[in-house]
Ligand code: RB5
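In my numbering, the protein residues as written are 4 to 150.
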């Protein structure tokens with residue numbers, strides 16, 4: 004069964020988010036794009052937390068969030084217990100945050116990363132799996148830091 008991916012962003016990344024949504028839908032993923040759709044200025048912590056709660060509750064398998072830099076929405080997502088979200092602007096990191104860090108969310112900066120590279124980053128993230136083994140010990144240590 005193909006994974007369910009939740010997407011969200013702030014106003015700075017609506018277009019890129021919608022391109023990513025279409026791209027992964029074409030690849031057979033189930034997409035839950037929770038917006039926003041209006042270009043009105045909005046607050047990235049609200050959108051990061053909303054997507055993160057879907058992943059943390061199991062309503063989605065993985066999440067992709069975007070803002071101008073990818074940084075603020077990543078920080079908000081990581082405040083939700085059970086979330087491991089990394090900002091990526093290269094495909095190697097996108098692959099490794101799945102393989103070594105068992106990241107369940109990816110963040111991209113729409114003002115940093117162009118569309119072609121962003122889609123390659125998304126493909127690298129969704130195409131990689133956690134390797135477990137010694138990395139599991141380290142991810143467990145991250146989980147132990149959660150309050
Ligand atoms: C919004 O202008 C901008 O601050 C936001 O998209 C993001 O880059 C924050 O981290």
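No residue lacks a Cβ here, since even glycine has one placed at the ideal position from N, Cα and C.
Remember, it's a predicted structure, so these values are computed and weren't measured experimentally.
Legend entry - Assigned exposure category for residue 10 - 16 Cβ within 10 Å defines buried: For this step, residue 10 is matched to residue 7 along the chain shown. A residue is called buried when at least 16 other Cβ atoms come within 10 angstroms of its Cβ; residue 10 meets this threshold and is buried.
Legend entry - Same chain, Cβ closer than 6 Å to residue 51, neighbours up to 5 away in sequence not counted: For the purposes of this step, residue 51 is identified with residue 48 of the chain shown, where counting begins at 1. Scanning its chain for C-beta atoms nearer than 6 Å, with the 5 sequence neighbours on each side dropped, one finds around residue 51 the residues 68, 76, 79, 80, in chain order.
Legend entry - Coil, strand or helix - residue 30 by DSSP: Mapped onto the chain shown, residue 30 falls at position 27. If DSSP states are grouped into helix, strand and coil, residue 30 belongs with coil.
Inset, instruction - Say yes only if the C-beta of residue 117 is nearer than 7 Å to one or more non-hydrogen atoms of ligand 3, and no if none qualify. - result: Ligands present in the displayed structure are limited to ligand 1, and ligand 3 is not among them.
Inset, instruction - Give the straight-line distance between the Cα atoms of residue 74 and residue 96, rounded to the nearest whole angstrom. - result: Here residue 74 is taken as the residue at index 71 of the chain shown, counted from 1. Here residue 96 is taken as the residue at index 93 of the chain shown, counted from 1. Taken atom to atom, the span from the alpha-carbon of residue 74 to that of residue 96 is near 15 Å.
Inset, instruction - Report whether the distance from the Cβ of residue 93 to the nearest heavy atom of ligand 1 is below 7 Å. - result: For the purposes of this step, residue 93 is identified with residue 90 of the chain shown, where counting begins at 1. No, the beta carbon of residue 93 sits no closer than 7 Å to any heavy atom of ligand 1.
Inset, instruction - Give a yes or no on whether the C-beta atoms belonging to residue 102 and residue 83 are separated by under 8 Å. - result: Walking along the chain shown from the start, residue 102 turns up at place 99. Walking along the chain shown from the start, residue 83 turns up at place 80. Not a contact, by the Cβ cut-off of 8 Å.
Legend entry - residue 62 beta carbon near ligand 1 (any heavy atom closer than 7 Å): Position 59 of the chain shown, counted from the first residue, corresponds to residue 62. Checking every heavy atom of ligand 1 against the Cβ of residue 62, none is found closer than 7 Å.
Inset, instruction - Identify which residue in 105, 15, 20, 66 has its Cα closest to the Cα of residue 134. - result: Sequence index remark: in the chain shown, residue 134 carries index 131 (1-based). For residue 134, the closest of 105, 15, 20, 66 by C-alpha to C-alpha distance is 105.
Legend entry - Status (buried if at least 16 other CB within 10 Å, exposed otherwise) for residue 85: As a working note, residue 85 is residue 82 in the chain shown. Counting every other CB atom within 10 Å of its CB across the protein chains shown gives residue 85 a total below 16, marking it as exposed.
Legend entry - CA-to-CA distance, residue 139 to residue 145, given in whole angstroms: Position 142 of the chain shown holds residue 145. Position 136 of the chain shown holds residue 139. Between residue 145 and residue 139, the C-alpha separation is close to 10 Å.
Inset, instruction - Note down the Cα distance separating residue 12 from residue 39, rounded to an integer number of angstroms. - result: If you number the chain shown from 1, residue 12 lands on position 9. If you number the chain shown from 1, residue 39 lands on position 36. Straight-line spacing of the CA atoms in residue 12 and residue 39 works out to 7 Å.
Legend entry - Nearest neighbour of residue 72, chosen from 33, 93, 113, 131 [CA to CA]: Taking the first residue of the chain shown as position 1, residue 72 is located at position 69. Ranking 33, 93, 113, 131 by Cα distance to residue 72 puts 113 first.
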